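2 protein chains.
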Amino acid sequence: MRFDPASLSYDANGLIPCIAQDHRSGEVLMFAWMNRDSLDQTLATGRVTYWSRSRSAFWIKGETSGHIQTLVEMRLDCDRDCLLVLVEQQGPACHTNRQSCFFTALRDGEEVEISQPL
Amino acid sequence: MRFDPASLSYDANGLIPCIAQDHRSGEVLMFAWMNRDSLDQTLATGRVTYWSRSRSAFWIKGETSGHIQTLVEMRLDCDRDCLLVLVEQQGPACHTNRQSCFFTALRDGEEVEISQPL
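Quick note, the sequences are listed as chains A and B, same order.
Start counting at 1 in the first sequence, then tack on 4, and there's your number in the numbering used here.
Start counting at 1 in the second sequence, then tack on 4, and there's your number in the numbering used here.
Here you go:
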């Protein structure tokens, strides 16, 4: 079936959640949002482009930092209301310079930092 | 640092997105939402419990299907507005009986089913 971006379920703000995963290691790198335009742009350019809710603007991942995400494959979930992008991540995905944004684990009720800045 | 659930950033509806990942394979299984109470319950019971937005009720994953998720580790992202749960998944995570909800890939503009019901 031909993919139609209009067939996805966007929320009241026209956004759809997106999980970025390293296509080699399987590490979950980050979580952000796309809208219809950033989704189109991601598919057209192969450069993962989110929608920044705080800036109300396109967020071409890595545009300023150089830590770009090249799209390897996009997947949809069963409800068509969440995206998973498998990416080739250049440098760290997190603005704190860590590979993944999920560097804080809860262990025995304590927050534990499980990775360091690169 | 002691973890305080009140320190997380919940959205206007009191919800926080949650990604479930198989702790062994690294496969992203599903995406859902938690609220403060379901988060507390997940940590207290070790059984992953979401908040069903459609039913406005606790959603103890697998309660009716038996396809439970046992919490192995919970992680937070850098902005404290998204959770990642590493889980031991009993049976398929998806209601379609597939291991993961993300069974549709976009390839050359086509939707391709990349896994079958178990």
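C-beta: ideal position from N, C-alpha, C; glycine also.
Keep in mind that this is a model prediction, so the values were computed, not measured.
Checklist entry - Who are B:L88's beta bridge partners in DSSP? => result B:I23 and B:R79
Checklist entry - Is there at least one Cβ from chain B nearer than 8 Å to A:P21's Cβ? => result yes
Item to check | Option nearest A:W37 by Cα separation, candidates A:D26, A:P96, A:R28 and A:S58 | outcome: A:S58
Checklist entry - For B:R57, which of helix, strand or coil comes out of DSSP? => result coil
Item to check | Exposed unless 16 or more other CB atoms sit within 10 angstroms - verdict on B:A10 | outcome: exposed
Item to check | Helix, strand or coil at B:A48 according to DSSP, with G and I counted as helix | outcome: helix
Checklist entry - On the three-state DSSP scale, how would you describe B:R6? => result strand
Checklist entry - Would you report the Cα separation of B:D112 and A:Q93, rounded to the nearest angstrom? => result 21 Å
Item to check | Sheet register partners of A:Q93 (DSSP bridge) | outcome: A:Q73
Item to check | A:S42, buried or exposed, once every other Cβ within 10 Å from all chains shown has been counted against 16 | outcome: buried
Checklist entry - Under 8 Å, do A:L88 and A:I23 count as touching if we go by C-beta distance? => result yes
Checklist entry - Is the Cβ of A:L110 closer than 8 Å to any Cβ of chain B? => result yes
Item to check | Cβ distance (whole Å) where B:S104 is taken to contact B:V32 below 8 Å | outcome: 6 Å
Next on the checklist: Under 8 Å, Cβ to Cβ, is there at least one residue of chain B near A:V32?
Outcome noted: yes
Next on the checklist: Quick check: what's the CA-CA separation for A:S13 versus B:G30?
Outcome noted: 26 Å
Checklist entry - In its own chain, which residues sit with a C-beta less than 8 Å from the C-beta of B:H71, not counting the 5 before and 5 after it? => result K65, Q93, Q94, G95, P96 and A97
Checklist entry - Would a check of beta-carbon distances place B:T100 closer than 8 Å to chain A? => result yes
Checklist entry - With 8 Å set as the bound, which would you pick, yes or no: does the beta-carbon of B:Q45 sit closer than that to a beta-carbon of chain A? => result no
Checklist entry - Any C-beta of chain A sitting closer than 8 Å to the C-beta of B:E92? => result no
Item to check | chain B contacts made by the segment 73-84 of chain A, where a contact means CB separation under 9 Å | outcome: E77, M78, R79, L80, D81, C82, D83 and R84
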